[in-house]
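These protein sequence lines are chains A and B, in that order. First residue of the first sequence? That's 1 in this note's numbering, and the numbers climb one at a time after it. First residue of the second sequence? That's 1 in this note's numbering, and the numbers climb one at a time after it.
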Amino acid sequence: MLHTYARRFAALILGAALALPFAAAAQSPAPPTTAPTGKVPDNPARGMQAEHSSATGSTAIPGWNNPPDWASVSERPQYASIPGRETNRLVQGAGREWRELHNGLITQAGGWLVVIVLAAITVFYLIKGTIKLKGAPTGRLIERFNAVERAAHWTMAICFVVLALTGIVMFFGKYIVLPWLGYAGFSWLTIVSKNLHNFVGPLFIFAIVVGFLIFVKDNFLHAIDWRWMAKFGGMFSSEEVPSGRFNGLEKLWFWGGLVLLGIAMAVTGLILDFPNWNQARDAMQLANVVHDIAAVLFICAGLGHIYMGTIGMQGAYRAMRDGYVDEEWAKEHHVLWYEEVKAGKRPEKIVGAQAQPAPGDD
Amino acid sequence: MARMKFICDAERCIECNGCTTACKSEHEVPWGVNRRRLVTVNDGLPGERSISVACMHCTDAPCMAVCPVDCFYRTEEQIVLHDKDLCIGCGYCYYACPFGAPQFPQAGAFGLRGKMDKCTYCAGGPEENFSAEEFRKYGRNRIAEGKLPACAEMCSTKALLAGDAPVIAKIYKTRVATRGKGEQLWGWAMAYKGSDKVSDNLGAGA
Numbered sequence: 001m002l003h004t005y006a007r008r009f010a011a012l013i014l015g016a017a018l019a020l021p022f023a024a025a026a027q028s029p030a031p032p033t034t035a036p037t038g039k040v041p042d043n044p045a046r047g048m049q050a051e052h053s054s055a056t057g058s059t060a061i062p063g064w065n066n067p068p069d070w071a072s073v074s075e076r077p078q079y080a081s082i083p084g085r086e087t088n089r090l091v092q093g094a095g096r097e098w099r100e101l102h103n104g105l106i107t108q109a110g111g112w113l114v115v116i117v118l119a120a121i122t123v124f125y126l127i128k129g130t131i132k133l134k135g136a137p138t139g140r141l142i143e144r145f146n147a148v149e150r151a152a153h154w155t156m157a158i159c160f161v162v163l164a165l166t167g168i169v170m171f172f173g174k175y176i177v178l179p180w181l182g183y184a185g186f187s188w189l190t191i192v193s194k195n196l197h198n199f200v201g202p203l204f205i206f207a208i209v210v211g212f213l214i215f216v217k218d219n220f221l222h223a224i225d226w227r228w229m230a231k232f233g234g235m236f237s238s239e240e241v242p243s244g245r246f247n248g249l250e251k252l253w254f255w256g257g258l259v260l261l262g263i264a265m266a267v268t269g270l271i272l273d274f275p276n277w278n279q280a281r282d283a284m285q286l287a288n289v290v291h292d293i294a295a296v297l298f299i300c301a302g303l304g305h306i307y308m309g310t311i312g313m314q315g316a317y318r319a320m321r322d323g324y325v326d327e328e329w330a331k332e333h334h335v336l337w338y339e340e341v342k343a344g345k346r347p348e349k350i351v352g353a354q355a356q357p358a359p360g361d362d
Numbered sequence: 001m002a003r004m005k006f007i008c009d010a011e012r013c014i015e016c017n018g019c020t021t022a023c024k025s026e027h028e029v030p031w032g033v034n035r036r037r038l039v040t041v042n043d044g045l046p047g048e049r050s051i052s053v054a055c056m057h058c059t060d061a062p063c064m065a066v067c068p069v070d071c072f073y074r075t076e077e078q079i080v081l082h083d084k085d086l087c088i089g090c091g092y093c094y095y096a097c098p099f100g101a102p103q104f105p106q107a108g109a110f111g112l113r114g115k116m117d118k119c120t121y122c123a124g125g126p127e128e129n130f131s132a133e134e135f136r137k138y139g140r141n142r143i144a145e146g147k148l149p150a151c152a153e154m155c156s157t158k159a160l161l162a163g164d165a166p167v168i169a170k171i172y173k174t175r176v177a178t179r180g181k182g183e184q185l186w187g188w189a190m191a192y193k194g195s196d197k198v199s200d201n202l203g204a205g206a
């Protein structure tokens, strides 16, 4: 079951990537592929008696009236005079695989993965607590994110949260929301979710393209990032591994989350969002499977990012809300970046304490 | 209780599209939606057959299994119906259905899917029987009138059979047993066997 999806995966990604620039051109519906196979199906006359075929007076030309082998014709496009998408497909079997993956593995494993990640974060918080500054705040502030960076971040963040919540309603809601909300209420919620999801999705794609362009310059991987990741940045020990403006995990979130999962979500999301491009069912089934798996991974990684950016680390949330961090915070968490800023090699400015309320207080 | 099914006898179907037309006419189906369609296999080639396809009212219905809002239900006659008030137009039933039965009238820009529409086996929907709302959303409720689906009733060659599964299966089995298949269906011998007026030897040697 899975290997047929694996085989089609590469073809879909390539095809979708190539097709995107021509999306506008593809708005006009393509004619259905009704090309006859041009080949008489090899069909042994089942249950036919020899004496019948050579019946006296028969004008039958042998091989000319045998019914098709239904098992083999069902998957191939045939002829249909009814206009519409894939009306000439008698039966499609891939829907069964899609159903099994969608209802089975992805819903169950994906749902439990989100629950497990939430539980792991909770356990981590209970053991480790908020990572506080070791030294006293200096009161001198460094601009960590400028207004453009913050606007880009929060556009991505709000879109992400809306997409994740509406996606969860549509994907898991049948099991976790419907039982207590009832059919009418849940249907209303899901219709709202679907429309929000469909319209916020393209906005999110725009936001991550802008986010990529803004943040890519400080996210190139260096040798220190591998050292950082090898030690998990000191998350499980007390020593902090040196890092630049962004540490190993932040770069992993950038390349793995924003770039890789972002592309996967964007390509498959566009295939699903615009049925008027006349894409076939198997493209949409495959896109849906990839979209669901990538979404679960994105949500899990996003939970980790949200945790570290809020209650996980003192001062991190204020850095993205107000744009400033204390010098002590920079020295403890991003020492290489701090040194460059001090040396005047970076655009970020150091300002006095009076400019902003002291970050790191909450 | 009955288990209502369709059988299309491909040996009888003449691709007249009468079933499609009967359905559209009976239910005033929206533009662009065809609850029933004809597929011609091996078109123009030896062994060409046509077959009429619509919702097959599956016993283990994939649409029902994948619907995120659980809008499908089964009647006492085992007919698979859905509630358009609950449907969100996500298209999952269309991905899952082997027969391409669920269809979506376009509800807005970018191909936004409207409420799903499919064959109701002429059994209406969850609205009150014979109400205007039921007709507007689902079409005529012939089952409640004690009639069979319009497509099967209309079929000129009685290729399309509708009814309780054991009953129509028996009809179909009888036909298969009586007529044979393949080469046996073709030629003078089959058409005029035993006739006094046409010589059984007319086409001999072909």
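For every residue, glycine included, the Cβ atom is placed at its ideal position computed from N, Cα and C.
Nonlocal neighbours in the same chain, by C-beta distance under 6 Å from residue i, ignoring five residues either side
i        : result
Tyr338/A : Ala330, Lys331
Val335/A : Pro242
Thr157/B : Arg12, Ile14
Close Cβ partners of residue i (< 8 Å) along its chain, the five nearest in sequence each way excluded
i        : result
Thr130/A : Ile311, Gly312, Met313, Gln314
Ala148/B : The sequence shown places Leu at residue 148/B, not Ala. Cβ within range, chain order: Cys122, Arg142, Ala162, Gly163.
Gly309/A : Ala316, Tyr317, Met320
His153/A : Phe145, Gly211, Met320
Gly95/A  : Arg281, Gln285
Cutoff 7 Å; reference residue i; Cβ partners in own chain excluding five residues on either side
i        : result
Val169/A : Val177, Leu189, Thr190, Ser193
Gln78/A  : Asn88, Leu90
Ile208/A : Met156, Leu258, Gly262
Arg245/A : Asp218, His334, Trp337
Ile205/A : Ala266
Limits of the unbroken alpha helix (DSSP H) element including residue i
i        : result
His153/A : 147–176
His291/A : 281–309
Phe124/A : 107–128
Asn219/A : Run containing Asn219/A: none; DSSP gives neither H nor E here.
Trp365/A : An answer regarding residue 365/A cannot be provided, because it is not within the stretch 1 to 362 covered by chain A.
Ala65/B  : 62–66
Lys342/A : 335–342
Arg96/A  : 94–100
Thr268/A : 262–273
Residues bridged to residue i (per DSSP)
i        : result
Arg89/A  : Pro77/A
Glu325/A : Before going further, note that residue 325/A is Val rather than Glu in the sequence given. Paired residue(s): Ile142/A.
Lys5/B   : Gly163/B
Gln314/A : In DSSP, Gln314/A forms no bridge with anything.
Thr40/B  : Tyr79/A, Ser50/B
Gln106/B : Arg113/B
Val80/B  : Arg74/B
Thr350/A : For the sequence presented, residue 350/A should be read as Ile rather than Thr. Paired residue(s): Ile142/A.
Ile14/B  : Beta-bridge pairing links Ile14/B to no other residue.
Ile131/A : Met313/A
Chain A within 9 Å of residue i, Cβ atoms only
i        : result
Asp43/B  : yes
Tyr138/B : no
Arg79/B  : Reading the sequence as shown, one finds Ile at residue 79/B and not Arg. So, not an interface residue.
Leu112/B : yes
Phe72/B  : no
Cys19/B  : no
Glu3/B   : In the sequence on display, residue 3/B carries Arg and not Glu. No, Arg3/B lies away from the interface with chain A (no Cβ there is under 9 Å from its Cβ).
Pro30/B  : no
Arg37/B  : yes
Cys67/B  : yes
Ala159/B : no
Glu134/B : no
Tyr95/B  : yes
Arg12/B  : no
Boundaries of the beta strand (DSSP E) in which residue i is found, first to last residue
i       : result
Arg74/B : 72–74
Ser52/B : 49–53
Test: residue i CB closer than 9 Å to a CB of chain B
i        : result
Trp180/A : no
Val91/A  : yes
His305/A : no
Asp292/A : no
Lys194/A : yes
Pro36/A  : Any answer about Pro36/A is weak, because its pLDDT of 43 lies below 50 and its placement is not dependable; what the coordinates show is given next. True, the Cβ-Cβ gap to chain B drops below 9 Å.
Tyr183/A : yes
His102/A : yes
Ala136/A : no
Asp273/A : yes
Phe204/A : no
Which complete beta strand (DSSP E) runs does the stretch 110–168 of chain B hold, if anything under 3 residues is left out? Within the stretch 110–168 of chain B, the complete beta strand (DSSP E) segments of 3 residues or longer fall at 160–164, listed in chain order.
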